[in-house]
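If you read the protein sequences in the order shown, they are chains P and F.
192 is the number of the first residue of the first sequence in the working numbering; add one for each residue after it.
-19 is the number of the first residue of the second sequence in the working numbering; add one for each residue after it.
By construction, the Cβ of each residue, glycine as well, lies at the ideal position given by its N, Cα and C atoms.
Note that the structure is a prediction, hence the values are computed from the model and not measured.
Take a look at the structure set out below.
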Amino acid sequence: MDISPVFFYSFAAVAIAFSGMVVLKKSPIASALSLVIVFFCFGGLYAMLDAHLVAALQILVYAGAIMVLFIFVIMLLNIDAPSLDTMRAGRLGRFMIIALSIGLLSLFIWAFKETTPPASVGAFTPQRIQEAGGNTRVLSELLFSEYILPFELTSVLLLGAIVGAVAIAKRRST
Amino acid sequence: MDTFDWVATAVKILIVLVPLLSVAPVMAWVERRGSALMQNRKGPNRIGPLGLLQSIPDAIKFMGKEDPIPGHVEKFYYVLAPLASLIVPFLTFAVIPFASSMTIDGRVINFQIADLNVGFLFILAVGSLGVYGIIMAGWSSNNKYALLGSLRSSSQMISYELSMGLSVIGIVMAFSTVHLGEIARAQGEVLMTLGPLTIPKWGIFIQPLGFLIFLTTAFAETNRLPFDLPEGESELVAGYHLEYGSMKFALFMMAEYMNMAVASGFIASLYFGGWQMLPGMHSVLDVLGLSGLTFDIVRVAFEALSFLLKLCFFMWFFVWVRWTLPRFRYDQLMDFGWKVLLPLSLANIFITGVMIYYRWY
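Pasting the structure below:
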C-alpha cells in the first residue's frame, strides 16, 4: 500500500513540531505530554506502512505505559522548572551538544540522499503477510518458533531488571 | 475504496455513533432511577413518564451555565483534558463487531467499522490513553485534590491494565486469533449438549476465571465504584474534575458513560458471544420463514439486537455494582491488583495452556 502523502506529511510535521516542544517547553509535564503526541504520530506512520501491530504496540507500550509512568514520577517528585536549572550544561557542554546534533543530522541527510534501498526484497512482502493471515499472526509465529531463544532471553533480561529494582528499593527502606 | 465502501462505512459509523452519543443522557437517568430503587427513594419522576425526559433539562442546564476558566489553571491542557478523555471511547468502539456480515449486490459487509488485524490490542492500546485526560485535568487544575485524584488514577490504571491484558490472553489462546470478529464468530460453535440444552462456546464457559478478572479490571479502568478513587468525592471533593464546570464537566461524565459502553461491548463480544443470537431468537427467525435479502436484514437486526441487549445488561451491571459496594481503600486497591488479580491472570494463562495441550477445547 502506498503511503498517502497528505497523511505522511501531516504526521511528520506534527511529530517534528512536538519534538521541538519536548526540548523547548519549560515545564517537565508539558514536555512529557508533547512526547506522547510524538509517539502518537509515529504510531500513525507505522499504521500507514501496514505495520498495524507495531503501531498498536507503539501506542500501548510507549504512550500508554511508559509515558504514564514518566508523568507519574514527575508528578510524584514534583519536579518543576527551577529544580532543573542546576542540571543545565556549561558553555562547553552546550557547544558539544549542538555540534553533535548537527553532525547527527548531516549524517541522516547524507544517508537519505546517498544510499539506495536494497535491491532484493525480503521474504515478507505485504502480499505474503496478508496471505499468511495478517502481520500479528506472522510476527507471533516467528517469535515463538525461529526467534524463541532471543525472545525468551529478552524476557529473562527484563525479569533481571525487575528483581534488581525491587532489591534496590528494599535495601533503601530497611 | 469505492463509493459502495464509503457509503457502507458512513452508515456503520452512524449506527455506532448516534447510540454512543445518547448513552450519557440515558445512563444518567438509569443511574439516578436505579440508585433510587436500591435506596428505597423515588428518584427523578417529574418530567415525562417515569422521569424519562429528566436528561433534557439537565443537558440544557449544562449548556446554559456560565463556563469560566479559573485563573490559576494551565489553560491549554485544562481545555484539552475533557476532549482527550472523550476521544478514547469513540476510537475504541470502532473495532467492536455488532453484527455478523451480510451480502448486498455480491459485496460482503462486515458490521464492524474497522476490521484491524491487531484486534483487541487496538482497544487496549487506545484504552490505555484514557488516563491522559485524567492526568491532564488533574495536573492543569493546579489544585491539590485534583492532583491527588490524577496521581491515584495513573497508578490504578497502570496496575489494572496489566491484569486486563493478561486475562484476555486466555481468550486469544482458546480461539487462536486476536480478531474480534473471528472471536465473536467462533463463539457460535457448540461447546456441549446437556439434554435439551445446547451450551454455546461462549467465552464465559471456557474462560470463567478470565471473565471474572476481566470484569473486575473493567470496573477499575472505567473508574467506577468500587474503584472510583480518582474521583473519591468523600475524600477528594471530586478528584480530577474538581475545577471543571458546565459543559466541560459534562464531557467528563459523557466520557465515563461511553467508556462503560465500550467496556460492556468488549465484555459482550469476548465472553458472551458478541452478536451471537440469544436463545430463542433462532426459532423466531425460523417461524418468520423469510428468504433472500429480507432474511439477511432481519437476521442482522436480530444479531444487533442481541448484542445491544448483552451490552445493556452490563451497563446495568455497572450501575448495580456502584450502588451495592463501598469504595476500596487505596492500599487495598493496590494489594488487590498486584497480589490477587495479577497472579490469578498468570495462573489463568497457565491453566489455559494445559487445557489446550490436552485438547479440552
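Query                                                                                                                            : Result
Proximity winner among F:N239, F:A126 and F:G260, relative to P:M266 (alpha-carbon distances)                                    : F:A126
Proximity test, Cβ basis, 9 Å: P:R328 and chain F                                                                                : yes
F:S15 vs F:V301 beta-carbon contact at 9 Å                                                                                       : no
Integer-rounded CB distance, given that F:V75 should sit under 8 Å from F:G110                                                   : The Cβ separation is near 15 Å, so there is no contact.
Identity of the residue in F:M233, F:A281 and F:L66 nearest F:H262 by Cα                                                         : F:A281
Close beta carbons around F:M257, own chain, < 7 Å, minus the five adjacent residues each side                                   : F282, E283 and S286
Per-residue contacts from F:N97 into chain P (C-beta, under 7 Å)                                                                 : H243, G325, N326 and T327
F:V301: contacting residues in chain P (beta-carbon distance under 7 Å)                                                          : Those within 7 Å of F:V301 in chain P number zero; the least Cβ separation is about 26 Å.
Nearest to F:L128 (by Cα), restricted to the options F:T157, F:D47 and F:A218                                                    : F:A218
Residues that F:W(-14) contacts on chain P, provided the C-beta gap is smaller than 7 Å                                          : Chain P residues near F:W(-14): none, gap ~15 Å exceeds 7 Å.
Contact residues within the stretch 305 to 321 of chain F, judged by C-beta distance below 9 Å to chain P                        : none
Contact with chain F by P:F263, beta-carbon distance below 9 Å                                                                   : yes
Cross-strand partners of F:P180 (DSSP beta bridge)                                                                               : F:V170
DSSP bridge partner residues for F:N90 (one or two, in chain order)                                                              : F:S81
Residue range of the unbroken alpha helix (DSSP H) whose run includes F:F294                                                     : G272 to R302
is_contact[F:M137, chain P] using C-beta, thresh 9 Å                                                                             : yes
Interface residues of chain F facing P:G255 [CB-CB closer than 7 Å]                                                              : A105, S108 and L109
Min CB distance F:I49 to chain P below 9 Å                                                                                       : no
Alpha helix (DSSP H) runs wholly inside the stretch 224 to 263 of chain F, at least 4 long, in chain order                       : 226 to 251
Where P:A358 falls, given that 16 or more other Cβ within 10 Å makes a residue buried                                            : exposed
Interface residues of chain F facing P:A247 [CB-CB closer than 7 Å]                                                              : V98, L101, F102 and A105
F:I149 and F:I329 closer than 9 Å at C-beta                                                                                      : yes
Helix, strand or coil at F:S108 [DSSP, three-state]                                                                              : coil
is_contact[F:L127, chain P] using C-beta, thresh 9 Å                                                                             : yes
Contact check, F:L66 vs F:A198, beta carbons under 9 Å                                                                           : no
For F:G31, three-class secondary structure by DSSP                                                                               : helix
Residue-chain proximity (F:Y57, chain C), Cβ-Cβ < 9 Å                                                                            : In the displayed structure, chain C is absent; the protein chains listed are P and F.
8 Å contact criterion, which F:G113 and F:A64 should meet: CB distance rounded                                                   : 4 Å
Contact with chain P by F:W182, beta-carbon distance below 9 Å                                                                   : no
Within chain P, the residues that F:S134 reaches when beta carbons sit closer than 9 Å                                           : V259, L260, I262, F263 and M266
Neighbour flag for P:V205 against chain F, beta carbons, 9 Å                                                                     : no
Inter-stretch contact at 8 Å, needing at least 3 Cβ pairs: the stretch 200 to 208 of chain F / the stretch 135 to 143 of chain F : yes
beta-carbon F:T157 near the ligand FAD non-hydrogen atom, thresh 8 Å                                                             : Absence of the ligand FAD is noted for the structure shown, with no ligands found whatsoever.
Integer-rounded CB distance, given that F:E54 should sit under 8 Å from F:S226                                                   : With 8 Å as the limit, F:S226 and F:E54 do not qualify as a contact, their Cβ atoms being about 19 Å apart.
Any 3 or more C-beta pairs closer than 8 Å across the stretch -6 to 11 of chain F and the stretch 234 to 251 of chain F          : yes
Where P:I220 meets chain F, residues with beta-carbon distance less than 7 Å                                                     : W119
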